[in-house]
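Enquirer:
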Amino acid sequence: MFWRSVVGKLWFTILLLVSFVLFILTVLLLEFFENYHVFQAEQELMQSAKKISTIVEEHEDRELAQSIAEQVIDPSSRVVIAFDQDDYWESDRFNDSIPNVPVKWIFHHELLSQVLTQRESIKQEEVVPTTNTNIMIVGHPLQRDGGAVYVYQSLKFVEKTTSQTTKIILLGAGIAIILTTIFAFFLSTRITAPLRKMREGAFELARGEFNTKVPILTHDEIGELAMAFNRMGRQLKFHINALNQEKEQLSGILRSMADGVITLNRNGNMLVTNPPAEQFIEAWHYENYGYSQGKELPEELQKMLQEVISLEKEVMTELNIQGRSWVVIMTPLYDRSFVRGAVAVLRDMTEERRLDKLRKDFIANVSHELRTPISMLQGYSEAIVDDVAESPEDKNELAQIIYDESLRMGRLVNELLDLARMEAGHIQLNQESVYIPDFVERITKKFQGMADQHDVNLSLNIADNVESTLMDPDRIEQVLTNLIDNGIRHTESNGDVSVSIESLEEYIQFAVTDFGAGIAEEDLPFVFERFYKGDKSRKREEGKSGTGLGLAIAKNIVEAHKGIISVHSKVDEGTTFMFKIPKYSER
Numbered sequence: 117m118f119w120r121s122v123v124g125k126l127w128f129t130i131l132l133l134v135s136f137v138l139f140i141l142t143v144l145l146l147e148f149f150e151n152y153h154v155f156q157a158e159q160e161l162m163q164s165a166k167k168i169s170t171i172v173e174e175h176e177d178r179e180l181a182q183s184i185a186e187q188v189i190d191p192s193s194r195v196v197i198a199f200d201q202d203d204y205w206e207s208d209r210f211n212d213s214i215p216n217v218p219v220k221w222i223f224h225h226e227l228l229s230q231v232l233t234q235r236e237s238i239k240q241e242e243v244v245p246t247t248n249t250n251i252m253i254v255g256h257p258l259q260r261d262g263g264a265v266y267v268y269q270s271l272k273f274v275e276k277t278t279s280q281t282t283k284i285i286l287l288g289a290g291i292a293i294i295l296t297t298i299f300a301f302f303l304s305t306r307i308t309a310p311l312r313k314m315r316e317g318a319f320e321l322a323r324g325e326f327n328t329k330v331p332i333l334t335h336d337e338i339g340e341l342a343m344a345f346n347r348m349g350r351q352l353k354f355h356i357n358a359l360n361q362e363k364e365q366l367s368g369i370l371r372s373m374a375d376g377v378i379t380l381n382r383n384g385n386m387l388v389t390n391p392p393a394e395q396f397i398e399a400w401h402y403e404n405y406g407y408s409q410g411k412e413l414p415e416e417l418q419k420m421l422q423e424v425i426s427l428e429k430e431v432m433t434e435l436n437i438q439g440r441s442w443v444v445i446m447t448p449l450y451d452r453s454f455v456r457g458a459v460a461v462l463r464d465m466t467e468e469r470r471l472d473k474l475r476k477d478f479i480a481n482v483s484h485e486l487r488t489p490i491s492m493l494q495g496y497s498e499a500i501v502d503d504v505a506e507s508p509e510d511k512n513e514l515a516q517i518i519y520d521e522s523l524r525m526g527r528l529v530n531e532l533l534d535l536a537r538m539e540a541g542h543i544q545l546n547q548e549s550v551y552i553p554d555f556v557e558r559i560t561k562k563f564q565g566m567a568d569q570h571d572v573n574l575s576l577n578i579a580d581n582v583e584s585t586l587m588d589p590d591r592i593e594q595v596l597t598n599l600i601d602n603g604i605r606h607t608e609s610n611g612d613v614s615v616s617i618e619s620l621e622e623y624i625q626f627a628v629t630d631f632g633a634g635i636a637e638e639d640l641p642f643v644f645e646r647f648y649k650g651d652k653s654r655k656r657e658e659g660k661s662g663t664g665l666g667l668a669i670a671k672n673i674v675e676a677h678k679g680i681i682s683v684h685s686k687v688d689e690g691t692t693f694m695f696k697i698p699k700y701s702e703r
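In terms of our numbering, the sequence shown opens at residue 117 and continues consecutively.
#1: Within its chain, find whatever has a CB closer than 7 Å to the CB of I332; leave out the 5 residues flanking it on each side and keep chain order.
#2: According to DSSP, is P331 helix, strand or coil?
#3: Could you tell me whether the region 169–187 touches the region 266–280, using the rule of 3 or more Cβ pairs below 8 Å?
#4: Per DSSP, what kind of secondary structure is E412 in: helix, strand or coil?
#5: With contact counted as at least three CB pairs below 8 Å, one residue from each stretch, are the region 571–583 and the region 666–682 in contact?
#6: Please report the distance separating the alpha-carbon of V501 from that of R470.
#7: Keeping to the same chain, check which residues put their C-beta closer than 7 Å to that of G634; ignore five residues upstream and five downstream.
#8: Looking only at DSSP bridge pairs, what is A198 linked to?
#9: Does N404 come out as helix, strand or coil in the three-state DSSP assignment?
#10: Of all the options A458, S441, A157 and A198, which has the alpha carbon lying nearest to the alpha carbon of K429?
#11: Look up E85 in the DSSP assignment and give the residues it is bridged to.
#12: Do L427 and G384 count as a contact pair if the criterion is CB distance below 9 Å?
#13: So, with DSSP's three-state summary, where would you put M566?
#14: Below 9 Å between beta carbons: does that hold for F631 and V613?
#15: For W221, is the classification buried or exposed, using 16 other Cβ atoms within 10 angstroms of its Cβ as the cut-off for buried?
#16: By Cβ distance below 8 Å, which residues in the same chain neighbour I600 in space, the five residues on each side in sequence not counted?
#17: Is DSSP giving E658 helix, strand or coil here?
#18: Starting from K686 and walking both ways along the beta strand (DSSP E), at which residues does that stretch end?
#19: Per DSSP, P310 is paired with what?
#20: Could you tell me if D588 is buried or exposed, where buried requires 16 or more neighbouring beta carbons within 10 angstroms of its beta carbon?
#21: So what does DSSP say about R315, is it helix, strand or coil?
#22: For H256, name the three-state secondary structure that DSSP assigns.
#23: Under 9 Å, Cβ to Cβ, is there at least one residue of chain C near Q395?
#24: Between the Cα of R306 and the Cα atoms of G526, L126, T247 and N512, which residue gives the shortest distance?
#25: According to DSSP, is F136 part of a helix, a strand, or is it coil?
#26: Could you please give me the residues that DSSP links to E241 through a beta bridge?
#27: If contacts are defined as beta-carbon pairs under 8 Å, then V556 and L576 qualify, I think. What distance do you get, rounded to the angstrom?
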């Protein structure tokens, strides 16, 4: 609204101040001019009375003196020359507004009669009793004849003059107020124009337009204020940019952190989170409520927050959410000496726990695999030392068993070393161009005797478009040897094992299929792990024993060739191991 604006307030203040001053001045001027006009009227009447008294005293002829007095008197006045109550003269009335004052009233008036008795001049404002008209009357004594000259006039003439003066004063005051209004509005508008510009600039700054500048129109305090406003805008832009940079830097650091970070206030409201923390919260809500859109703090973290606030120390716990292990460390945040909240760091320890479990499983598996051959070596060697085997044939049989077990132990150790080197990334490929049909045919011929021994039909199928490719023949042979050996050993008598080779658009695909016992569905994801023997049918039996490392080694060799290995199986129907290597593998 206008009255709430600076222009309205400044305009109203100036107008009110000037109006007050003009009002006081008008009252004083009216009082002054009214008194002045009364005083002037008294002076004029007194002068007239003195002139007439002089004329009367200088001329002995009364008629001549009266005639001269009529010429001297002001038409708005009337003269009474009184010698006594019966001897007096009155001038004619030239104006109807001049009242007729009885001479007897003058002689009987307490003050006016003093002119005759005490011979003193007198001035008086009175009301004529017969007409109730206000008059001003003056009296001046005649020194020679003992009479007095009275001159009077109606106060209406004074009031008329005063009224004209009042109109002029009021007109001047009105003009002054109008001019003051225009001037005050112009002045307030001129003063507040830069302020309005600064208000608009402030709104622009509030909307984020920090390049806004206020024009400097004057060089007074308002101009200095505009300069200070522009300087403030530049400083604000600088500090906002610095804050945004720090915020972006902090946000970038939080986003790039592998650990989750949650900043909390005392009420448990999450102030800052990063993607790993959001994933943890979504997983917690999905596990507890079946949906992942919740934003409230998990109950476990809420309890930790209360403990941190009450104890004012770091609290740590470990949570298992959706199959993943999280370690949560919560530390108090201080506002000077007051705990204003806490920061929680969530570290996903799933991989560490898995590696720790793998380490323990590896030790257990190696111990298990080495225990049997060591026990057999120890038992059969003791039999030889104790001469339990008396005949040379028995001793040769025991020695052969000891030799086979030592070879098995050596093979286990070598496979462990190869697998360790591969997983450490130290595998070295000696790649060369190999003609696939001849290469695979040579390998299958090597297993033909083993297949005949187990009454297994081993077949080879090579597509016509299969030609040469770049690979390490020794390593690929190691893969095929392991897969064909597994297929023959786990296929029943009169079963079939087939090796298929075909050329795809970018890969050479190898497939080894057996029609044996198959692998259970829950064991399929783990067949390429070390020492994994989930299939209950693949226990240590004659001709079916193994270290459990072959498939793990095969996977590392295929991946070293930038290839892919997979398995498909159904229980009691058979298993197919398939791997693909690029036609032109990079060194």
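Cβ atoms here follow ideal geometry from the backbone N, Cα and C, with glycine treated the same way.
In this text, all values refer to a predicted model and were calculated from it rather than measured experimentally.
Expert: According to the structure shown:
#1: G339, A342 and M343
#2: DSSP places P331 outside both helix and strand once states are collapsed to three, so it counts as coil.
#3: no
#4: coil
#5: no
#6: Rounded to whole angstroms, V501 to R470 spans 45 Å at the Cα level.
#7: S685, K686, V687, D688, E689, G690 and T691
#8: Y204 and A264
#9: helix
#10: The residue from A458, S441, A157 and A198 with its alpha-carbon nearest to that of K429 is A458.
#11: Residue coverage of the chain in this structure runs from 117 to 703, which leaves residue 85 outside it and unanswerable.
#12: no
#13: Looking at M566 - three-state DSSP - the assignment turns out to be helix.
#14: Yes, they are a contact pair.
#15: exposed
#16: I559, T560, F563, L574, V613, V615 and V628
#17: At E658, the pLDDT of 46 sits below 50, so the modelled position is not reliable; the number obtained from the coordinates is stated separately. Looking at E658 - three-state DSSP - the assignment turns out to be coil, as it is neither helix nor strand.
#18: Where K686 is concerned, the enclosing beta strand (DSSP E) stretches over I680 to K686.
#19: Beta-bridge pairing links P310 to no other residue.
#20: So D588 ends up on the buried side.
#21: helix
#22: Three-state DSSP puts H256 in a strand.
#23: Protein chains in the displayed structure number just one, and chain C is not present.
#24: The shortest C-alpha separation from R306 is found at L126.
#25: helix
#26: M252
#27: About 7 Å; that satisfies the 8 Å criterion.
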